[in-house]
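According to the working numbering, the residues represented by the first sequence are 149 to 971, in order.
Even for Gly, the Cβ is constructed at its ideal location relative to N, Cα and C.
Structure first, commentary second.
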Amino acid sequence: MAERRYDHREIEPKWQAVWASERSWEVSNEDDPRPKAYVLEMLPYPSGEPHIGHLKTYSVGDAVAHFQRRTGHRVLHPMGYDAFGLPAENNAIKTGQHPRDATRESIGQFQREFREWGISIDWTRELATHEPSYYRWTQWIFLKLYERGLAYRKEAAVQWCPKDQTVLANEQVLDGRCERCGTPVEVRQLEQWFFRITDYADRLLDDLDAIEWPEHVKTMQRNWIGRSEGAEVVFRCEELGIDYPVFTTRPDTLFGATFFVMAPEHPDVFPLAAGTEHERAVHEYVNEAVQESAEERGDQDKAKTGVPLGRTVTNPVNGEEVPMLVADYVLMEYGTGAIMAVPAHDQRDFDFARAFDLPIRRVVEPASGEAPPEDEAFAGHSGAERLVDSGEFTGMPSPEARQAITDWLDREGKGHASVNYRLRDWLVSRQRYWGCPIPIVYCQADCGMVPVGEDDLPVELPDVEDYAPQGRSPLAAAQDWVQVSCPSCGGDARRETDTMDTFVDSSWYFLRYCDAGNDRAPWDRAVLRRWMPVDQYIGGVEHAILHLMYARFFVKALADMDLLDVQEPFAKLFTQGMITRDGAKMSKSKGNVVSPATIVESHGADTARCYILFIGPPDQDADWSDSGVEGVHRFLARLWRLADQTAASSSADPPPAEPTDADIQLLHKTHWAIDKVTRDLGDGRFAFNTAIAAVMELTNECSKLRESAQPGALRFALATAASLIFPFAPHLGSEVYELLTGERVWQQPWPEADEALLESETYELVCQVNGKVRDRVPAPAEASGQELVALCRSAPNVRAHVEGREVVKEVVVPGRLVNLVVR
RNA sequence: GCCCGGGUAGACAAAUCGGCAAAGUCCGCGGCCUUAAAAGCCGCUGCUCGCAAGAGCUUGCGGGUUCGAUCCCCGCCCCGGGCACCA
């Protein structure tokens, strides 16, 4: 008989067809006594075809989903597409192909490949964010936010990308450059839509404690929110009779304030300078400063610049008149756009004072009494620093003085405790075509800004000829679409032509999956209660701030509107590492791209998926290796071949027989593997690499004992190996399990390890002398401490080392070792 | 500068509670099968000394705690990531 070979091309389509026709992964919203598990991977952005990073994300998620199903959960594991966005639009500008068509093609490619990978998706809940049936509800949520005052329009200095011709959210600017295309951004004064995420700063911060996320992701979010506690202190300009509050985290240094600085964008800068000798210089400086790119201005190494305003303000604690200046190191967007400068205790103020020869007055000293270095500011955060030259507060420890001075200011009506955040409101307008239209019209008569009625949603995205951005949205060219009658008075009105940031679309999609077919509401609250929150969310760490913060904000805002019952969308988060090749990120320009389609064709989806999970811990970056793929393929082929041979040479129901030593050995190994894999997958562990290694060990043991073990034991061991590998290699797992048992593995409960079989009757006792291993002897599992010591002492090589010396201590670790300490 | 990760054989990695360092995979070497090759199967594989038994060394570097440290503590070096003129 010719030997058959493992052929993934035959096995994989066969099982994919079974899963599709039997709708194996669909889950209903009906009552079900099993506990729920909502397993979700971040939805893909459909551009071109899936890359290796997608394969990793969905291999991880699918392993979790399968494990949850087989451990008795009803599992929601859906899929969708984040379909609006710039790449499709830029492609349209270049080729003329409508973004909708390019997106459709790409989605088709993703769907095909997800099926070829054998990912267990409930396809009845599939969605794409560019479909009117979805974005209708994105617009609905926008209107809800608007009703509550959480969506608002204001003119502000915003970041503008000259290449993409659109404004960007604060979060989408990195080092002064557009996150997407790398072009230095400009600052423009524009009227735009914002979401009031800053209202939620404290809750976004506090609730991080309630979710199981990687600590570094939480840290990134905390840093991004950037909560600072301090005080607002009022400095008064007596000449003009105007109060200028400033924010400081160090009210204890108030006596050291020797000057006062305003941001160039501060609206009072020109009025203040008017009529002074500095008026012209101030105009020149401000005009130059506002033209600087964010990158230039943000450069910390840049020398400090600024000019005097020719005015003074009064320091409220000591009545001292200090000069006012304007300088670009002060930001209009943070605090009040003006600061009190304490050069002795703030490095930036120190640098500025040095450059402009302004006085530096120390008011805080180290506890040691030692003089701090002269050439830098003394920040001192130990808590033991004390105040000097600070009037009635002199001698007070610094932290106490913060409180005392704040209280004093409050009593005098010159300030109060205050909190500031680095987080800014979320700018959601985009002057681009391929996005969700903002459902607002502007009445030409007297109604002003009017929301589109809920019944008139969706506001559908019109077709246009020219996608190219011209600094206003391409939608403005769709005359018939823009002209509309006012929902309020029926008069002439114009539609808002900006679209929404695509992060809006993806801030609620996990809610829609729960009730994807609902055409009367975005979701039914009772249905949402059955599934939310997502129990395990999986995706790349690159979304640690943007997407994950926005989604949390949406859920909190919607909960406040009494539309859902959870405070956090994602109870647990797993962030996977990148797959590199030759140590570098895969990219077309480097020519080091491995496409999932190629590897699935040549080696099969099971091999590709197993390899990606076997390569190393999934939260770490890992380097792709072609020979590593071969190794995993060999392992799967060996498991299949052993099963095929065993199935062919023995009956499915072999007669019971007295177990041989080999049978017992194999049985032990089988239960060891069950235990190992179960622990590696359970309890939020993502140790797929060691789980797969354990199945490899079991398979190797089967191979070694295939002649000596009886068919029954061999069948059990191999079927168990198939059952354990199934979450990672579902096609092969199903095939092998069926070959040996005639059953469908995914309908079987997860195997349970028999405690009694995890321990053997004897083990190898490690015998140490002074902490060094000198011998190993077999010991009975139930031996007492004294017996173990006796065994150890009689081991030949131990005797040689103990000979003629005094044993001063015996350390016994039952089940492991004995250590004799000798002198 | 601040905050997170990480550093273990030739490569990727394991060691779950302080208890045998290196499971598993790749690479390499040897053997079996074969006319030959492929596939498959079996074995070897940290360094030094030694015929061997064995001994010494080894988890980035230096110290500490401990009967015992990859693991805990202190100091330092290197790599990766995040934040950074946020008062």
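(message) Taking 8 Å as the cut-off, does the stretch 834-841 touch the stretch 804-815 (at least 3 CB pairs, one atom from each stretch)?
(response) no
(message) Just verifying my parser: in three-state terms, what is the DSSP assignment at A486?
(response) Counted from its first residue, the first sequence places residue 486 at position 338. It is a strand residue.
(request) Determine the extent of the alpha helix (DSSP H) in which G458 is found, giving its start and end residues. (result) In the first sequence, residue 458 corresponds to position 310, counting from 1. Run containing G458: none in the alpha helix (DSSP H); it sits in the beta strand (DSSP E), V455 to T462.
(message) Which residue marks the beginning of the beta strand (DSSP E) containing M410, and which one marks its end?
(response) Numbered from its first residue, the first sequence carries residue 410 at position 262. Unbroken beta strand (DSSP E) run through M410: F407 to M410.
(request) Enumerate in chain order the residues of its own chain whose CB-to-CB distance from G324 is below 8 Å, with the five nearest sequence positions on each side excluded. (result) Working through the first sequence from its first residue, we reach residue 324 at position 176. Closer than 8 Å at Cβ, skipping near neighbours: P332, V333, S441, A442, E443, E444, R445 and G446.
(request) Give the secondary structure of P393 by DSSP, where H, G and I count as helix, E and B as strand, and everything else as coil. (result) By one-based count along the first sequence, residue 393 stands at place 245. DSSP places P393 in strand when its eight states are reduced to three.
(request) Give the straight-line distance between the Cα atoms of K920 and S932, rounded to the nearest whole angstrom. (result) Counting from 1 along the first sequence, the entry for residue 920 is found at position 772. Counting from 1 along the first sequence, the entry for residue 932 is found at position 784. Distance between the alpha carbons of K920 and S932 is about 22 Å.
(request) With DSSP collapsed to three states, give me the class of A150. (result) The residue labelled residue 150 in the question sits at position 2 within the first sequence. Any answer about A150 is weak, because its pLDDT of 49 lies below 50 and its placement is not dependable; what the coordinates show is given next. A150: coil per DSSP, three-state reduction.
(message) Tell me which residue opens and which closes the beta strand (DSSP E) that M368 is part of.
(response) Translated into the one-based positions of the first sequence, residue 368 becomes position 220. Premise fails: M368 lies in the alpha helix (DSSP H), E363 to I373, not in any beta strand (DSSP E).
(message) If you reduce the DSSP assignment to three classes, tell me which class T424 lands in.
(response) As a first step, residue 424 is located in the first sequence; it is residue number 276 there, counting from the start. In this structure, T424 counts as coil in the three-state DSSP scheme.
(request) Could you name each continuous alpha helix (DSSP H) segment of 4 residues or more that falls completely within the stretch 926-953, going from the start of the chain to the end? (result) 933-942 and 944-950
(request) Would you kindly work out how many angstroms separate the C-alpha atoms of L696 and N371, rounded to a whole number? (result) Residue 696 sits at position 548 when you count from the first residue of the first sequence. Residue 371 sits at position 223 when you count from the first residue of the first sequence. Spanning the two alpha carbons is a distance of roughly 14 Å.
(message) Quick check on G244: buried or exposed, where buried means 16 or more other Cβ atoms within 10 Å of its Cβ?
(response) Here the question's residue 244 lines up with position 96 in the first sequence. So G244 counts as exposed.
(message) I need the straight-line Cα distance from P514 to V430, nearest angstrom please.
(response) As a position in the first sequence, residue 514 is number 366, starting the count at 1. As a position in the first sequence, residue 430 is number 282, starting the count at 1. If you take the alpha carbons of P514 and V430, they lie about 38 Å apart.
(message) Using a Cβ-Cβ cutoff of less than 7 Å, which residues in the same chain neighbour E425 once the five nearest sequence positions on both sides are dropped?
(response) The sequence position of residue 425 within the first sequence is 277, counting from 1. If we look at E425 and ignore the five residues flanking it on each side, its Cβ neighbours are G458.
(message) Helix, strand or coil, according to DSSP, for I255 in the structure here?
(response) Counting from 1 along the first sequence, the entry for residue 255 is found at position 107. Residue state, collapsed to three classes: helix.
(request) Measuring alpha carbon to alpha carbon, tell me which of I873, E387, A165 and D350 ends up nearest Q369. (result) Position 221 of the first sequence, counting from 1, holds the residue named residue 369. Q369 has its Cα closest to that of D350, out of I873, E387, A165 and D350.
(message) Just to confirm, is the Cβ distance from R301 to M648 under 8 Å?
(response) Taking the first sequence and counting its residues from 1, the one referred to as residue 301 is at position 153. Taking the first sequence and counting its residues from 1, the one referred to as residue 648 is at position 500. No, Cβ-Cβ distance for R301 and M648 is not below 8 Å.
(message) Taking 8 Å as the cut-off, does the stretch 923-940 touch the stretch 950-970 (at least 3 CB pairs, one atom from each stretch)?
(response) yes
(message) Does C385 come out as helix, strand or coil in the three-state DSSP assignment?
(response) Taking the first residue of the first sequence as 1, we reach residue 385 at position 237. Three-state result, C385: strand.
(request) Report the rounded CA-to-CA distance for G779 versus A929, giving the unit in angstroms. (result) Taking the first residue of the first sequence as 1, we reach residue 779 at position 631. Taking the first residue of the first sequence as 1, we reach residue 929 at position 781. Between G779 and A929, the C-alpha separation is close to 37 Å.
(request) Starting from C850, trace the alpha helix (DSSP H) both ways and give me its first and last residue. (result) The residue you call residue 850 lines up with position 702 of the first sequence. Note, C850: alpha helix (DSSP H), F836 to K852.
(request) Compute the beta-carbon to beta-carbon distance between T794 and L659, rounded to the nearest angstrom, for a pair I have assumed lies under 8 Å. (result) Taking the first sequence and counting its residues from 1, the one referred to as residue 794 is at position 646. Taking the first sequence and counting its residues from 1, the one referred to as residue 659 is at position 511. About 48 Å separates the two Cβ atoms, so there is no contact after all.
(message) Distance check for A745 and S871, CA to CA, integer angstroms please.
(response) Along the first sequence, read from residue 1 onward, the residue named residue 871 stands at position 723. Along the first sequence, read from residue 1 onward, the residue named residue 745 stands at position 597. When rounded, the distance between both Cα atoms is 26 Å.
(request) Output the distance between the C-alpha atoms of L623 and T346, rounded to the nearest integer angstrom. (result) The residue given as residue 623 occupies position 475 in the first sequence. The residue given as residue 346 occupies position 198 in the first sequence. So the alpha carbons of these two residues sit roughly 30 Å apart.
(message) Within a Cβ cutoff of 7 Å, which residues of the same chain sit near R263, ignoring the five residues on either side of it in sequence?
(response) Within the first sequence, the letter at position 115 stands for residue 263. Closer than 7 Å at Cβ, skipping near neighbours: Q164.
(request) State whether the stretch 310-318 contacts the stretch 566-583, with contact taken as three or more CB pairs (one from each stretch) at a distance under 8 Å. (result) yes
(message) Threshold first: 4 residues or longer. Then list the alpha helix (DSSP H) segments lying entirely within the stretch 294-372, N to C.
(response) 349-354
(request) Drop a sphere of 10 angstroms on the beta-carbon of R782, count the other beta-carbons inside from all chains shown, and report buried for 16 or more, exposed for fewer. (result) Taking the first residue of the first sequence as position 1, residue 782 is located at position 634. Classification for R782: exposed.
(request) Measure the Cβ-Cβ separation of D754 and L880 and say whether it is below 8 Å. (result) Within the first sequence, the letter at position 606 stands for residue 754. Within the first sequence, the letter at position 732 stands for residue 880. Going by C-beta atoms, D754 is nearer than 8 Å to L880.
(message) Can you give me the C-alpha to C-alpha distance between A299 and R344, rounded to a whole angstrom?
(response) Position 151 of the first sequence, counted from the first residue, corresponds to residue 299. Position 196 of the first sequence, counted from the first residue, corresponds to residue 344. Spanning the two alpha carbons is a distance of roughly 6 Å.
(request) Taking K824 as part of the alpha helix (DSSP H), name the residues at either end of that continuous run. (result) As a working note, residue 824 is residue 676 in the first sequence. That run of the alpha helix (DSSP H) goes D809 to L829.
(request) Please name the residue or residues paired with P599 in a DSSP beta bridge. (result) As a working mapping, residue 599 is identified with position 451 in the first sequence. Per DSSP, I588.
(request) State yes or no: is the C-beta of V682 within less than 8 Å of the C-beta of L338? (result) Translated into the one-based positions of the first sequence, residue 682 becomes position 534. Translated into the one-based positions of the first sequence, residue 338 becomes position 190. No, these two residues do not count as a Cβ contact at 8 Å.
(request) State buried or exposed for D603, treating a residue as buried only when at least 16 other CB atoms are found within 10 Å of its CB. (result) As a working mapping, residue 603 is identified with position 455 in the first sequence. Counting Cβ neighbours within 10 Å, D603 comes out exposed, since fewer than 16 surround it.
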